[in-house]
Amino acid sequence: MQCREFEEIAGSYLKDELLVETNHDVLKHVETCPACRRELAARRETNAQLRRAFDTAPEFQLRPGFAFQLRNKLKAETLGKREASFSFFTAMMRPQWLAVAACLVIASVVGIFAVLYQDNNLYELARGRQVNPTGGEEVRSDFSAGELSNAAIQLARFEQTESAIGNHQNCAIKFNLPEEPIDLNEAGRRYDAAYIDLAQAVRSSESLRAGGISYIEDHSCIYNGQRFAHIVLEDKGHTVSLLVAEVDGRVTKEANTDIIACSHKDGYQVSCFNTKRHTVFVVSDLPEADNLMLTRRLAPSVAAHIALAEA
Amino acid sequence: MFGTKSRDAGCEERWAEFEREAVPQMADIFRIAMWLVRDRAEAEDLVQETYAQALEAFHRYRPNTNIRAWLMTILYRARGKKLRAAGRLNLANDSEERIAETIAFAPPVAQGLTDEEVLRALERIPQQYREAIVLSDVEEVSYKEVAQILQVPIGTVMSRLNRGRKILRAELAMYANSYGIGTASKRAVSAD
Numbered sequence: 001m002q003c004r005e006f007e008e009i010a011g012s013y014l015k016d017e018l019l020v021e022t023n024h025d026v027l028k029h030v031e032t033c034p035a036c037r038r039e040l041a042a043r044r045e046t047n048a049q050l051r052r053a054f055d056t057a058p059e060f061q062l063r064p065g066f067a068f069q070l071r072n073k074l075k076a077e078t079l080g081k082r083e084a085s086f087s088f089f090t091a092m093m094r095p096q097w098l099a100v101a102a103c104l105v106i107a108s109v110v111g112i113f114a115v116l117y118q119d120n121n122l123y124e125l126a127r128g129r130q131v132n133p134t135g136g137e138e139v140r141s142d143f144s145a146g147e148l149s150n151a152a153i154q155l156a157r158f159e160q161t162e163s164a165i166g167n168h169q170n171c172a173i174k175f176n177l178p179e180e181p182i183d184l185n186e187a188g189r190r191y192d193a194a195y196i197d198l199a200q201a202v203r204s205s206e207s208l209r210a211g212g213i214s215y216i217e218d219h220s221c222i223y224n225g226q227r228f229a230h231i232v233l234e235d236k237g238h239t240v241s242l243l244v245a246e247v248d249g250r251v252t253k254e255a256n257t258d259i260i261a262c263s264h265k266d267g268y269q270v271s272c273f274n275t276k277r278h279t280v281f282v283v284s285d286l287p288e289a290d291n292l293m294l295t296r297r298l299a300p301s302v303a304a305h306i307a308l309a310e311a
Numbered sequence: 001m002f003g004t005k006s007r008d009a010g011c012e013e014r015w016a017e018f019e020r021e022a023v024p025q026m027a028d029i030f031r032i033a034m035w036l037v038r039d040r041a042e043a044e045d046l047v048q049e050t051y052a053q054a055l056e057a058f059h060r061y062r063p064n065t066n067i068r069a070w071l072m073t074i075l076y077r078a079r080g081k082k083l084r085a086a087g088r089l090n091l092a093n094d095s096e097e098r099i100a101e102t103i104a105f106a107p108p109v110a111q112g113l114t115d116e117e118v119l120r121a122l123e124r125i126p127q128q129y130r131e132a133i134v135l136s137d138v139e140e141v142s143y144k145e146v147a148q149i150l151q152v153p154i155g156t157v158m159s160r161l162n163r164g165r166k167i168l169r170a171e172l173a174m175y176a177n178s179y180g181i182g183t184a185s186k187r188a189v190s191a192d
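Going down the list, the sequences are from chains V and H. This note's numbering applies: residue 1 is where the first sequence begins, and numbers increase by one. This note's numbering applies: residue 1 is where the second sequence begins, and numbers increase by one.
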């Protein structure tokens, strides 16, 4: 093979469009021709630069809200006006979609600081013992049932916070769940009455409309073994997840809608509040103050709806 | 709405296949649309129109062929139609040969440029080359499919790519030089 011939087919070689024999000829040629070897490397590098630029530029990323709405509209046009929310996930789990959607995700490692988790001994306390904060020495193990129960609830909520972040990333951003989500009202009938008409309560909340926040869709999904009610919203172009989970079947004495803020070091913000049996999380990549404000806006109507089911 | 159960089943089957094949391509189709029109609202309109047309014509899609290329063809046609309606359609001009003559040498690859600089360099090259490069080298569509999408002969695609890539490399090298990046590249460019 001559250099001129190589130049003509180098592009096809890189696109893997050549016959096996011609591929072999190209390889043989570049082995013996340093100039064409450099040229091939240069073309590879230029293509990689271009693809990287397109993959990472925020302006080229599809808004999940738009994708949801368009898909639902197309489905409704094809099948009539039936609800169209769930098998979307099946389609979205395809690798091509995930490759692009992954670019939208900032976080790589989940590491949270949670105000909920104020006591370093919480894990140990939940297991019925307290350890010396500076070492591993056991200093107390005679806790009352109430203390242990509260600690266990706190611990469960802390773990849920991690799951809430993971669920937001995997369900609302990456569309990457091992189990297909189900209809929220159906989940309400089967698992948790608080989910019934929860989406309606959020959608009709005055604060949602007044705040210019758009409802995208709702469903119930499982992440990390935890079932959530998941309502996807959009605020200032950011995808926001409102997640509601029951706390391990246990009941706290009082509902507490004072917001407890939790933050994620890689950019996701979580704000949460408790009802008697549930924890409500708002997860997004909005600035912390905006995420908190949004949670405060949503808290009254969400808490009131859940309280009816818990009564 | 559709009368019989069998028609319903047909619709469901059609939708299921469309959802499996076409919906997951939406991010790629949006990226191309955004690249073409550079306005999010306009790009979303274009994607919506593309998908509506694709759904309507889905019976014409041949299974196991490249659905992305098929959707891109629809996207380009939809955009062409919009441009014609707005009187903004630029037909490929005859300056290709002239431009090609000025780019006899492909400089080495400039290293260390930001993604934004790479995109700016790409924007500086003539549209017909840019289109071919984005479809072929970014979206990794085959030459034959690029020809089909752009509605030009495959030989034209090859020559546009050949010239476009050289111009792009020159633009990238220029960016690198202007920022003092990649001194090895700078030396190689100026030595030629």
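The beta-carbon is built from N, C-alpha and C at its ideal position, and this holds for glycine as well.
| query | result |
| --- | --- |
| As an exercise, report each continuous alpha helix (DSSP H) stretch of at least 4 residues that is fully enclosed by the region 186-215 of chain V, in chain order. | 198-203 and 206-210 |
| Does chain V have any CB closer than 8 Å to the CB of residue 165 of chain H? | yes |
| Would you mind sorting residue 150 of chain H into buried or exposed? The rule is 16 or more other CB atoms within 10 Å of its CB. | buried |
| How would you list, in chain order, the residues of chain H whose beta-carbon sits under 9 Å from the beta-carbon of residue 18 of chain V? | Chain H residues near residue 18 of chain V: none, gap ~11 Å exceeds 9 Å. |
| For the 8 Å Cβ check, are there 3 or more pairs between the region 137-151 of chain H and the region 65-80 of chain H? | yes |
| For residue 32 of chain H and residue 50 of chain V, what's the separation of their Cα atoms in angstroms? | 13 Å |
| In chain V, which residues lie less than 7 Å from residue 48 of chain H when you measure between Cβ atoms? | 70 |
| Please classify residue 235 of chain V: does DSSP put it in a helix, a strand, or coil? | strand |
| Leaving out the 5 sequence neighbours to the left and right, which residues in its chain are closer than 8 Å to residue 14 of chain V when beta-carbon positions are compared? | 40, 43, 44 and 47 |
| With a cut-off of 8 Å, does the C-beta of residue 129 of chain H fall near any C-beta of chain V? | no |
| Can you give me the start and stop residues for the beta strand (DSSP E) that residue 46 of chain V sits inside? | Where residue 46 of chain V is concerned, there is no enclosing beta strand (DSSP E), although the alpha helix (DSSP H) it sits in stretches over 34-56. |
| Going by DSSP in three states, residue 51 of chain H sits in which element: helix, strand or coil? | helix |
| Rounding to the nearest angstrom, what Cα-Cα distance links residue 36 of chain H and residue 35 of chain V in this structure? | 35 Å |
| Starting from the beta carbon of residue 15 of chain V, find every residue of chain H whose beta carbon is closer than 8 Å, and list them in chain order. | 136, 140, 142 and 143 |
| Within 8 Å of any Cβ in chain H, is that where the Cβ of residue 5 of chain V sits? | no |
| Exposed or buried, what is residue 237 of chain V when buried is set at 16 or more other beta-carbons lying within 10 Å of its beta-carbon? | exposed |
| Using the rule of at least 16 other Cβ atoms within 10 Å of the residue's Cβ for burial, across every protein chain shown, is residue 24 of chain V buried or exposed? | exposed |
| Which residues mark the beginning and the end of the beta strand (DSSP E) in which residue 278 of chain V is found? | 278-284 |
| Assign residue 204 of chain V to buried or exposed, taking buried as 16 or more other Cβ atoms, counted over all protein chains shown, within 10 Å of its Cβ. | exposed |
| Give me the Cα-Cα distance between residue 79 of chain H and residue 276 of chain V, rounded to the nearest whole angstrom. | 55 Å |
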